[in-house]
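First to last, the sequence lines map onto chains A and B.
Residue 27 in full-length UniProt numbering sits at position 27 of the first sequence, and the numbers go up by one each step.
Residue 188 in full-length UniProt numbering sits at position 188 of the second sequence, and the numbers go up by one each step.
Just so it is clear, CB atoms sit at the ideal spot from N, CA and C, and this is done for glycine as well.
All values reported here derive from a predicted model rather than from experimental measurement.
Number of protein chains: 2
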Amino acid sequence: MTTEANHPVRTTEKSLHLIEKLRELDGARIHVLEDELEMTKGAIHNHLSTLRTHGYVIKEGNEYRLSLKVLTLGGYVRSNYSIYQFGRPKANKLAADTGMLVNLATEEHGQSVYLYQARGEYAVNLDTQVGHRLRLHNIAIGKAILAYLPDERVEAIVDEWGLPTETENTITDRETLFEELESVREQGFATDLEERTEGLCCIAAPIQPGDDILGAISISAPTSRLGDRAFDDDLVGQVKSTANEIALDIKYM
Amino acid sequence: MTTEANHPVRTTEKSLHLIEKLRELDGARIHVLEDELEMTKGAIHNHLSTLRTHGYVIKEGNEYRLSLKVLTLGGYVRSNYSIYQFGRPKANKLAADTGMLVNLATEEHGQSVYLYQARGEYAVNLDTQVGHRLRLHNIAIGKAILAYLPDERVEAIVDEWGLPTETENTITDRETLFEELESVREQGFATDLEERTEGLCCIAAPIQPGDDILGAISISAPTSRLGDRAFDDDLVGQVKSTANEIALDIKYM
DNA sequence: CATAACCGTTTTCAATTCGAAAACAGCGAT
DNA sequence: ATCGCTGTTTTCGAATTGAAAACGGTTATG
């Protein structure tokens, strides 16, 4: 899967590098960018002015930074995902019913991308936010997605992103991963037992209205809370049926 | 306030036009873009391939569309706003306490940009979403912001965006607007009584940790519900004190 | 089933445009 | 008042873009 343009537009690439760098540095002055990128200050100035004219960049004093235009754009893109449109109200309900943190995510470029979060009364505060991208192998949402992708796709994703260790519970070899995915398919849901974050567990179910997997929904909670309540409240059942409802809404929309 | 680059990078502008168009059309094929933009298909192909290499565009069959990379970027930009960082937990609490829809917004380019929404138990479903941009003159959040901007800034914003009618309650002349803003300053909060949307009312308070106004927080509810509960629950007081808490958190962070 | 129409991709090369370098201007510090 | 630092502007040679045409793959049509 090579995505090299065979006739790349170099000028556009320079602008994109500039955008990346502004993000990385949370804004910067021109002479700083001059050191970071291989461009002269005259060129940087031209690019930044152009991006500014079009509303992508804001200048405060001599500091340039990305504007909220990207947030606006991102909102538009997100609103086209049926899993977001139909999943949002269901995620709200699941959060209200369980009191937990509910996540809605899809797959892009072999990563999970968080589309929405709903917070119940006792929702944990996590490092994950809308737009964040995580690897798929060590989170419940990720494994719920991987389980319903073709094997060769999973192989390619593991090739690209690896199986890096995050906690002592992280799955780090392919064989174990494929066994796990098989058991996800048998059970219809995936779990994350402190595989990415110490003390945090998740339960996820796939959202699959047709042949293709569109994403997954999960609940996250501290290990103690999930352990206590998982069976009493049939949390697994709630997550699975929410995922099913979303899938049905999408299928017959 | 002219933001014309005096040496614009035309190639970058072409890519940006392409991005805008993809957003507008929610994705498109090359020959459609050829009709919409003044570019040949060869050029469009080069630009799209370049944007794709860098992850901004996705190709599905022969259809090109914007990827979630912009959502990711937008998330990073948003997380740099202190009003978001500190306002998010407070907005969650206000939503839980009042059961309503809570909005957090800032100003950019003379518009309001929604940074966050928190949903209480009885929150209305609205057309506003994170990232959306609205005019300032006919929403509570907007007037709460305008009231604490310098007069000449307000004038400039009205010059740029006008005071278009949305409902019969919309303020449409400058004099009334400035009177309203004066009363917002006296009272320390702003209201929207069906000025943008029939049947919807809002209460907003400014977030101003220092000399500059950073944004505002509001609650939205159907006219009937707000009317019933506004006085009983001292909703105005709750919104104002939440705004104050956020401002203090930011000031002494 | 053959053929045509259509459309995305590639190639070539002339015209455009970009940006390196240098000069300028504005601000802050000394 | 002067110097130094940086952002902006200008100029013009060099790099790159993209118009046009050819190609090739896919879908529609007779």
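| Check | Outcome |
| --- | --- |
| Contact with chain A by B:M1, beta-carbon distance below 8 Å | Per-residue confidence for B:M1 stands at a pLDDT of 45, beneath the threshold of 50, marking its modelled position as unreliable; the derived number appears in the next sentence. It does not; no Cβ of chain A falls within 8 Å. |
| 7 Å CB neighbourhood of A:E36 in its chain, flanking five on each side removed | K21 |
| Test: A:P150 CB closer than 8 Å to a CB of chain B | no |
| Rounded Cβ spacing between A:Y148 and A:I213 (contact assumed at less than 8 Å) | 4 Å |
| Whole-angstrom distance between B:H17 and A:L163, CA atom to CA atom | 39 Å |
| Interface residues of chain B facing A:E121 [CB-CB closer than 7 Å] | A96 |
| Interface partners of B:Y64 on chain A, CB under 7 Å | Here the premise fails: no neighbours, minimum Cβ distance about 13 Å. |
| Residue from A:E152, A:E108 and A:D151 with nearest C-alpha to A:R135 | A:E108 |
| Reference A:V184; option with closest CA among A:A118, A:T98 and A:A205 | A:A205 |
| A:T106 (DSSP reduced to helix, strand or coil) | strand |
| Simplified DSSP state of B:V113, which is helix, strand or coil | strand |
| When B:C201, B:S241 and B:E245 are compared against B:S224, the one with the closest alpha-carbon | B:C201 |
| C-beta neighbour in chain B for A:E210, strict 8 Å | The question names Glu, yet the displayed sequence has Gly at residue 210 of chain A. Chain B contact via Cβ: absent. |
| Closer than 8 Å to chain B by CB, A:P222 | no |
| Residues of the segment 64–84 of chain A with Cβ closer than 9 Å to any Cβ of chain B, in chain order | R65, L66, S67, L68, K69, V70, L71, T72, L73, G74, G75, Y76, V77, R78, S79, N80 and Y81 |
| Span separating the alpha-carbon of A:G55 from that of A:I171 | 43 Å |
| Contact set between B:T53 and chain A, taken where Cβ atoms lie within less than 7 Å | T3, E4, A5 and P8 |
| Neighbourhood of B:I145 by C-beta, 7 Å cutoff - its chain only, sequence neighbours within 5 removed | E107, S112, L136, P206, I213, G215 and A216 |
| Bridge-paired residues (DSSP) for B:V57 | B:L66 |
| For residue 256 of chain B, three-class secondary structure by DSSP | Because chain B in this structure spans residues 1 to 253, residue 256 of chain B falls outside the shown range and cannot be described. |
| Length-filtered (3 minimum) beta strand (DSSP E) runs lying within the segment 110–163 of chain B | 111–119 |
| Straight-line gap, B:A5 to A:S49 (C-alpha atoms, nearest Å) | 5 Å |
| Interface residues of chain A facing B:R196 [CB-CB closer than 9 Å] | Under the 9 Å cutoff, chain A gives no residues; its nearest Cβ is about 18 Å from B:R196. |
| Interface positions of the segment 123–150 of chain A facing chain B (Cβ-Cβ less than 9 Å), listed along the chain | A123, N125, Q129, V130, G131, H132 and R133 |
| Cutoff 8 Å: A:S183 Cβ touching any chain B Cβ | no |
| Any 3 or more C-beta pairs closer than 8 Å across the segment 151–161 of chain B and the segment 235–252 of chain B | no |
| Test: A:H109 CB closer than 8 Å to a CB of chain B | yes |
| Per-residue DSSP class, three states only, for B:A5 | coil |
| C-beta contact flag for B:H45 and B:I30 at 8 Å | yes |
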